[in-house]
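Participant: My questions will all concern the structure given below.
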Ligand SMILES: [Zn+2]
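Numbering (this note's numbering), first residue to last: 122 to 351.
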């Protein structure tokens with residue numbers, strides 16, 4: 122082989138070798154990254170924080186209630202339901218665990234074909250984060266978990282579905298205090314016994330009704346979509 126041709130051949134060979142190596146190197150990197158993504162260990166679900174915590178001072182119950190009210194405002198107005206908002210809070214860490222509002226989540230949750238209430242949405246989100254059923258979230262809740270809800274938890278549902286009182290009591294003593302904005306109006310259910318039943322079962326309930334401005338704001342949001350009252 123002439124000397125010029127030999128030099129050319131060596132150059133092409135070297136280029137091919139480098140090119141092929143580079144190609145295989147890229148393949149390895151892409152493959153490695155893909156396998157890394159696939160085999161990435163699951164996040165420690167118990168410490169996973171999905172809900173950003175607003176800047177609220179610890180135990181500032183009225184501001185937390187206003188935060189729950191902001192959730193209620195997200196609920197679609199309708200004359201056939203109330204617009205309720207709720208927040209599940211780790212009172213020791215001053216951290217929001219989850220939030221919810223009426224009909225936030227789909228109606229076709231397993232074992233609950235009815236509309237999802239705000240409190241139930243809070244429980245479902247914690248359950249989904251932990252890959253468990255919302256009936257079973259008690260062990261993953263922090264020791265001082267409290268619930269803020271703009272309206273008294275329901276104790277009877279026209280749909281016959283599981284009530285929020287039953288859901289709270291079903292968690293044993295996992296929820297230490299339920300902060301309530303207003304009592305349930307008599308629009309759908311007469312004389313709701315939600316607060317009474319929770320207290321009778323040993324759950325502390327705090328009704329934040331001494332702030333008339335807040336109470337009126339909650340009422341207005343609660344009745345969004347209803348005909349104007351009085
Ligand atoms: Zn309810």
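For every residue, glycine included, the Cβ atom is placed at its ideal position computed from N, Cα and C.
Could you check if residue 175 is buried or exposed, using at least 16 other CB atoms within 10 Å of its CB as the buried criterion?
Facilitator: Stepping through the chain shown from its first residue, residue 175 is reached at position 54. Residue 175 is exposed by the Cβ-count criterion.
Participant: Does the stretch 299-317 touch the stretch 244-252, meaning 3 or more C-beta pairs lie closer than 8 Å?
Facilitator: A contact between stretches requires three or more CB pairs, one per stretch, nearer than 8 Å, and the stretch 244-252 fails this requirement with the stretch 299-317.
Participant: Going along the chain, which residues put their C-beta within less than 5 Å of some heavy atom in ligand 1?
Facilitator: 238, 275, 285
Participant: Given that a residue counts as buried once 16 or more other Cβ atoms are within 10 Å of its Cβ, and exposed if not, what is residue 343?
Facilitator: As a position in the chain shown, residue 343 is number 222, starting the count at 1. Buried, by the Cβ-count rule.
Participant: List the whole-angstrom C-beta distance separating residue 262 from residue 208, where the pair is believed to meet the contact cut-off of C-beta under 8 Å.
Facilitator: Here the question's residue 262 lines up with position 141 in the chain shown. Here the question's residue 208 lines up with position 87 in the chain shown. With 8 Å as the limit, residue 262 and residue 208 do not qualify as a contact, their Cβ atoms being about 13 Å apart.
Participant: How far does the alpha helix (DSSP H) with residue 202 in it reach, from first residue to last?
Facilitator: Along the chain shown, one-based indexing puts residue 202 at 81. Unbroken run through residue 202: none, as it is neither H nor E.
Participant: For the beta strand (DSSP E) containing residue 308, name the first residue and the last one.
Facilitator: Residue numbering aside, residue 308 sits at position 187 when the chain shown is read from its first letter. Run containing residue 308: none; DSSP gives neither H nor E here.
Participant: What span of residues does the alpha helix (DSSP H) with residue 247 cover, start to end?
Facilitator: Walking along the chain shown from the start, residue 247 turns up at place 126. Unbroken alpha helix (DSSP H) run through residue 247: 239-251.
Participant: How big is the Cα-Cα spacing for residue 347 and residue 202?
Facilitator: For the purposes of this step, residue 347 is taken as the residue at position 226 of the chain shown. For the purposes of this step, residue 202 is taken as the residue at position 81 of the chain shown. Near 8 Å, if we compare the C-alpha coordinates of residue 202 and residue 347.
Participant: First and last residue of the beta strand (DSSP E) that includes residue 221?
Facilitator: Position 100 of the chain shown holds residue 221. Start and end: 216-222.
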